[in-house]
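These protein sequence lines are chains F and L, in that order.
For the first sequence, our numbering assigns the number 17 to the initial residue and increments by one for each residue that follows.
For the second sequence, our numbering assigns the number 7 to the initial residue and increments by one for each residue that follows.
Read through the structure below, which is laid out as structure tokens, and then see the notes.
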Amino acid sequence: MSQVTARAAPMQAGQRTKGAQAMRDALIRVGPALLIIVWVLAFVFAPMVIMGIYSLWQYQNFEMLRNWTVENYAELVTSTIYIRVLWRTIQIAGLTTIFCVGLAYPFAYFLARGVRRWRELLVIMVMIPFWTSFLVRTYAWMSILGEHGVINEALIQLGVIQQPLQILYTTTAVIIAATYLFFPFAILTLYSSLEKLGPSTEEAALDLGATPWQAFRRITLPLSAAGIQAAVIFVFVPALGLFVTPALLGGTRATMIGNVQVTIFKNAMNFGLGSSISFVVLMLAMLFVAGLGRSVDLDKVYAGGVGDVARARQPEHLRLRALGIYAVLMYIFLYLPIAFLIIFSMNNSPTASFPWQGFTLKWYQEVIRDPWMINSVRNSLLIACLTALISVVVAAPAAYAMVRFRFPGRTLLKQSLIIPMIIPSIMLGFALLILFTAFEIDLSVVTVLIGHVTYVLPYVFFVVAAQQYGFDKTLEEAAMDLGANRWVTFRRVTLPLMVPGLLAGGLFAFTLSLDEFIITFLLTGTLQTLPLFVWGMLRTMVSPTVNAVGTLIVIVAFVVVLAAQLRGRLRRRQGLTAAG
Amino acid sequence: MRPVGYVETTGAEPTSGTPDLELRNLVKEFTGGVTAVDNISLRIEKGEFVTLLGPSGCGKTTTLRMVAGLDHPTAGSIVIQGRHVEGVPAYRRNVNTVFQNYALFPHMSVFDNVAFGLTVKRHAKDEVRGHVEEMLARIKLPGFGHRRPFQLSGGQQQRVALARALVNHPAILLLDEPLGALDLKLRKEMQLELKRIQRDVGITFVYVTHDQEEALTLSDRIVIMSHGRIEQVGTPVEVYQRPRTKFVADFVGVSNFIRGRVRDAKGNAVTVTLGDLGDIRGSGGKDLAEGATVLVSVRPESLLLARDRTECRENILEATIEEMIYLGSLVQVVVRLEDGTILQCQDHFARVAEKGFQRGEAVLITWPEADGLAFTAEE
Chain F
17 MSQVTARAAP MQAGQRTKGA QAMRDALIRV GPALLIIVWV LAFVFAPMVI
67 MGIYSLWQYQ NFEMLRNWTV ENYAELVTST IYIRVLWRTI QIAGLTTIFC
117 VGLAYPFAYF LARGVRRWRE LLVIMVMIPF WTSFLVRTYA WMSILGEHGV
167 INEALIQLGV IQQPLQILYT TTAVIIAATY LFFPFAILTL YSSLEKLGPS
217 TEEAALDLGA TPWQAFRRIT LPLSAAGIQA AVIFVFVPAL GLFVTPALLG
267 GTRATMIGNV QVTIFKNAMN FGLGSSISFV VLMLAMLFVA GLGRSVDLDK
317 VYAGGVGDVA RARQPEHLRL RALGIYAVLM YIFLYLPIAF LIIFSMNNSP
367 TASFPWQGFT LKWYQEVIRD PWMINSVRNS LLIACLTALI SVVVAAPAAY
417 AMVRFRFPGR TLLKQSLIIP MIIPSIMLGF ALLILFTAFE IDLSVVTVLI
467 GHVTYVLPYV FFVVAAQQYG FDKTLEEAAM DLGANRWVTF RRVTLPLMVP
517 GLLAGGLFAF TLSLDEFIIT FLLTGTLQTL PLFVWGMLRT MVSPTVNAVG
567 TLIVIVAFVV VLAAQLRGRL RRRQGLTAAG
Chain L
7 MRPVGYVETT GAEPTSGTPD LELRNLVKEF TGGVTAVDNI SLRIEKGEFV
57 TLLGPSGCGK TTTLRMVAGL DHPTAGSIVI QGRHVEGVPA YRRNVNTVFQ
107 NYALFPHMSV FDNVAFGLTV KRHAKDEVRG HVEEMLARIK LPGFGHRRPF
157 QLSGGQQQRV ALARALVNHP AILLLDEPLG ALDLKLRKEM QLELKRIQRD
207 VGITFVYVTH DQEEALTLSD RIVIMSHGRI EQVGTPVEVY QRPRTKFVAD
257 FVGVSNFIRG RVRDAKGNAV TVTLGDLGDI RGSGGKDLAE GATVLVSVRP
307 ESLLLARDRT ECRENILEAT IEEMIYLGSL VQVVVRLEDG TILQCQDHFA
357 RVAEKGFQRG EAVLITWPEA DGLAFTAEE
């Protein structure tokens, strides 16, 4: 039934029918969100509850005995190893956050204020490393920091040192690489907040006699505080759950809690102890987010694109030249590892390092002929497509309902969807692993798919919702005014105008899924995806074939990001999307 | 389904038959207790161009949206061509709207936008094509069908929005500040264009604006609204020359208000004393009591400057010229009475120049008795 009659009815109807109408009205509004509610209950809340229970059950000989006990927590506290690793994890995550956000802020400021004509391109250049494989970018640092890596070779050549420095397999290496890995996201988050702020308040402060430094400190910095908080959360929380980076670059000296937990879950199958550690880490993450106070408006964060370039003016009075030089250095930081990755992929040497032995494409030939590699690419693409499809089908109706309607539990839904984003994804992986084990579900393509969809769902939701916020409701009114009923209005006006948001959400899901490693690693049966394939290569042999795979991934990411941006730009120019 | 085609009429002769639109004791309360429309009743005849005029928040747009079916009345009824429409959804009402921001569908061509109403009613393709092209010709945009809305200028988008509504040949066309987004020059052009099209198609137009000049230019009748109520309904001449309330006198055109006390009221004639400044005469409602505080409204063009009492009309006051503002063929003269009241006078430049009035000069201001209207002052 149409909402129109439902609302008009109370004029004639009595109290009782009014109540029934209100009930039905509420149901119509909740309806589109039901799928996501069921999904979140089944695959976020239920696993957490089971994990809570498991942390209080006794473990013995690879089995959970159903006796209530606190011995898991006792073991965690009394055995110094866990506490030590936990403390190291917090230190690494904390330092990474400080370096990352500290380095990113001036850079983001430069992007938002210092450039105009090239801004769009410069922002895209930050996005490209962001969308490039996490694994490959981690690996790239091995050939830079290693014993015969770029840094050591360069320093020896320059005569600064005689013996190679031990950088690889230290906490320093992990912090450097982690800073690098989260750097683009920190920049984009800060940029989005600074860009929205616009230069006018700062200009007003300058006009009123503030020095540039005062204007920055008293106006811009406080106004961008929310952006800084978001950046801090989005670096610190995933850094708590790092696994790949310490595994590849940290050696035994920089083991983090993620590595310890993988051993506990995968090898020892001690779900009791694993659950208790997970809970402690989750509490840490939650306390940290809560401690930062102001909640982050995620639907707004994801609304940020490149922004309205035409509107921005170039403030010449600011001392931006120094920032420009700084930005160049940061771009070098962003692209140097990728550059070495590409260079070594074409080096005719069996190790991915200097000296240059001549140009070759044999590593590429080796990769392309590898049937395992082809197979894993096919699997990854399949999983990514399905993940995109399912997540859009589940999340988009809910995003639609949340932006338009008020319904009971609306705020709760939004907050529940933020939770999976602010817990390290490795924890989500453990929780789902426990769920599947508890219900004796065999690990397979299905479990991987569930893991991926659960992981990308909040992102898809907020991306689609962000686009919905820009929707002009009078367009629907105009359609109804012209004689289209609710269904025709939806089909001919609402849905076509939602398409850019659905595509953006789907593309986001696709890219996240394609690059997803840890959840797949925990939830896969025999299925091999590309990141798992690369991981296998890194564990067994460090040969330039890895560089060749990495280079191919970089090229694909480059093309996809560029295509998505150009398409978005074209659409914005056509005035099709309000939020971009 | 009514045939799509146009009846030639010559505007607004009130007919004795069924009115196109009737509002009866219409009330709209929004959640939170805000009464946007407070018990209004109105009758609009076939082919009339009626404007709802008022400041923002007066309830004019809400009234329009209730007629369109986009908002629903809390109480009262709406009758369109003799048919009660409570509970009838927007898409089943024979009424179309031109939206303030045009609300053109950005993902459709101009042709598809205009054709939308006909296609959702499943008219035959050839028929649709014919009507759309005829309509595009009528709004002087033939051959623009393949373009997208974003490729059009503001004025062109406005005309497409008009065509998209008119092609359905609604009983009533509702226009919600349709010229609000255009610049002044274009707005003037579009006003004439709208008037021409309305005469041409003979459809009843209900037009919402806060621009009193636009209302005076376009309308057969103006409905002036304030705080959800109707202040006055009348032709442009009536509401300008015979405002029934102080609000109308203030909102439509420019008025000077002179505060005083009623000395004597007989029938419509009132004598108002201004204390030391003397007495003035004017007309007012029968309810004015002796001794009541009133505001006498006088239009700037009614006030004339003089040096000599022999050239004056019934009312005369002494004043000083504060400012003279050149407006082309007219001059706006700001004068001050001895008690500090500031009045605006408007006179022909030629006359003022000939007499050589100067800033700071003590002059007489004068106006005919019939041009002063007394209203009870809200204390």
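Beta carbons are placed, not taken as given, at the ideal position from N, Cα and C, and that holds for glycine.
Counting along the chain, F/LEU352 sits inside the alpha helix (DSSP H) bounded by residues 337-361. If you keep only unbroken beta strand (DSSP E) runs of at least 3 residues inside the segment 429-471 of chain F, you get nothing at all. Contact annotation, L/PHE211 with L/GLN204: C-beta distance approximately 5 Å; criterion of less than 8 Å satisfied.
Here L/GLU195 is exposed. Its C-beta has fewer than 16 other C-beta atoms within 10 Å. Taking a cut-off of 8 Å for Cβ pairs, the segment 555-567 of chain F and the segment 144-156 of chain F touch, as three or more such pairs fall below it. F/ALA415 sits away from F/PHE506, with the two beta carbons spaced by 8 Å or more.
Ranked by Cα distance from F/CYS116, the first of F/VAL576, F/THR205, F/PHE360 is F/THR205.
When secondary structure is reduced to three states using DSSP, F/HIS164 falls in the coil class, being assigned neither helix nor strand. Non-local C-beta neighbours of L/ASP345 in its own chain, meaning closer than 7 Å and more than five positions away in sequence, comprise LEU283, ordered along the chain. Counting only runs of at least 4 residues, the segment 89-165 of chain L fully encloses the following alpha helix (DSSP H) elements, listed from N- to C-terminal order: 116-126, 131-144. Counted as a single uninterrupted DSSP element, the alpha helix (DSSP H) harbouring F/CYS401 occupies residues 387-420. Between F/VAL101 and F/THR236, the CB-CB gap reaches or exceeds 8 Å. Taking 8 Å as the cut-off, the Cβ atoms of F/ALA411 and F/GLY521 count as close. In summary, the residues of the segment 109-142 of chain L whose CB is separated from some CB of chain F by less than 7 Å are ALA109, PHE111, PRO112, HIS113, PHE122, GLY123, VAL126, LYS127, in the order they occur in the chain. Assignment of L/VAL33 by DSSP, reduced to helix, strand and coil, places it in the strand class. Residue pairing by DSSP places L/ASN321 opposite L/TRP373 in a beta bridge. Counting along the chain, L/CYS351 sits inside the beta strand (DSSP E) bounded by residues 348-354.
Per the coordinates, the alpha-carbon of L/ASP132 lies some 34 Å from the alpha-carbon of L/THR24. For L/PHE36, no Cβ of chain F is located within less than 8 Å of the residue's own Cβ. For the C-beta of L/THR103, the chain F residues within less than 9 Å are, from N- to C-terminus, GLU493, ALA494, ASP497, LEU498. Interface flag for L/ALA96 against chain F is set, since a Cβ pair is found closer than 8 Å.
Neighbours of L/ALA74 in chain F, taken as residues whose beta carbon is under 7 Å from its own, are ASP497 in chain order. Neighbours of F/ASP488 in chain L, taken as residues whose beta carbon is under 8 Å from its own, are ASN107, ALA109 in chain order.
Under the Cβ distance rule, F/PRO228 does not count among the residues neighbouring chain L, no pair being separated by less than 8 Å.
Burial of F/ARG135 is indicated by the presence of at least 16 other C-beta atoms within 10 angstroms of its C-beta. Under DSSP, L/MET231 forms a beta bridge with L/ILE236.
DSSP places L/LEU294 outside any alpha helix (DSSP H), giving it a letter other than H or E.
Looking from the CA of F/ILE571, the closest CA among F/ALA355, F/ALA306, F/SER292 belongs to F/ALA355. By the beta-carbon neighbour count (other beta carbons within 10 angstroms, threshold 16), L/ARG71 is buried. With respect to the C-alpha of L/ARG315, the residue from L/LEU379, L/THR41, L/LEU370 having the closest C-alpha is L/LEU370. The residue among L/GLY378, L/ILE145, L/LEU158 with its C-alpha nearest the C-alpha of L/VAL300 is L/GLY378.
Close to chain L, meaning a Cβ-Cβ distance shorter than 7 Å, is no residue of the segment 453-487 of chain F at all. Distances from the alpha-carbon of F/LEU57 to those of F/LEU433, F/MET39, F/ILE535 put F/LEU433 closest. At a cut-off of 8 Å between C-beta atoms, L/ASN31 does not count as an interface residue with respect to chain F. When Cβ-Cβ separations below 8 Å define contact, L/ARG205 makes no contact with chain F. Its Cα nearest to that of F/LEU119, the residue F/PHE201 stands out among F/VAL305, F/PHE201, F/PHE61, F/SER441.
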